[in-house]
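Enquirer:
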Amino acid sequence: MKHIYVVGTADTKGEELAFLADAVTAAGGAVVRVDIGTRGATVPVDIPASEVAAHHA
19 MKHIYVVGTA DTKGEELAFL ADAVTAAGGA VVRVDIGTRG ATVPVDIPAS
69 EVAAHHA
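If you're matching positions, the sequence shown starts at 19 in the numbering used here and goes up one per residue.
#1: When you compare the CB positions of G55 and A67, do they come within less than 8 Å of one another, or not?
#2: For H21 and E34, I'd like the C-alpha separation in whole angstroms.
#3: The alpha helix (DSSP H) spanning V42 covers which residue range?
#4: Would you say A28 and D53 are within 8 Å of each other, going by their C-beta atoms?
#5: According to the Cβ coordinates, are V70 and A36 closer than 8 Å?
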């Protein structure tokens with residue numbers, strides 16, 4: 019199954035990311051939520067910002 023990555027700053031745009039992820043899921047898509055914020059996420063994410071940053075050291 020293919021995935022749709024919803025990427026954004028979950029610290030300041032958490033509600034917007036959740037809305038988009040829910041819309042994609044409702045349309046039958048498989049979502050992976052990725053945080054690229056600098057502070058703690060305000061919504062659940064699948065890949066936290068710390069994991070993203072670890073690959074760009």
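Ideal placement from N, C-alpha and C gives every residue a C-beta, glycine not left out.
Expert: Inspection of the coordinates gives the following:
#1: yes
#2: 19 Å
#3: G32 to A44
#4: yes
#5: no
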